[in-house]
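Numbering (our numbering), first residue to last: 590 to 705.
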């Protein structure tokens, strides 16, 4: 049985106008629907250790908890969504298919180009 990828690239159109390079990726991770939160809690200590390693390696720039729901938001020092997906899939909650990420490429604020 083929599993659908938890990687979802945002379809929000951020490239209207001149080319805008991706400088970071916003990764929003949420616990998959129907997942037993006890299973998440059991893996969480290992997940935190592995996430700290990514931070110390410079792959995660900033990290936050989501308000009002179980999940996280990471600002990644990665510019390729496929590389970000591969990195996040290797985390314990990703390997256990308990968490999915929406990946949103970020770039310089386009209206600032008008100042040139």
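For each residue, glycine too, the CB sits at the ideal point set by N, CA and C. The model shown is predicted, which means the values in this text are computed figures rather than measured ones.
Query                                                                                                                              : Result
Suppose you measure from the CA of residue 699 to the CA of residue 631; what does that come to, to the nearest Å?                 : 43 Å
Under 8 Å, with one C-beta from each stretch per pair, do the stretch 635-646 and the stretch 605-623 reach the 3-pair mark?       : no
Regarding residue 638 and the ligand HEM, is the C-beta to nearest heavy atom distance less than 7 Å?                              : Of the ligands one can find in the structure shown there are none, so the ligand HEM has no counterpart to examine.
Give the straight-line distance between the Cα atoms of residue 640 and residue 611, rounded to the nearest whole angstrom.        : 22 Å
Mind pulling the beta strand (DSSP E) runs of 3 or more residues that sit fully within the stretch 613-674?                        : 613-620, 649-654, 660-665
Can you grab the Cα-Cα spacing for the pair residue 695 / residue 626, in whole Å?                                                 : 31 Å
Let me check understanding here. Comparing Cα to Cα, which of 635, 665, 623 lies closest to residue 691?                           : 665
Just verifying my parser: in three-state terms, what is the DSSP assignment at residue 694?                                        : strand
Expressed to the nearest angstrom, what Euclidean distance is found between the alpha-carbon atoms of residue 677 and residue 697? : 24 Å
Bridge partners for residue 688 per DSSP, in chain order?                                                                          : 620
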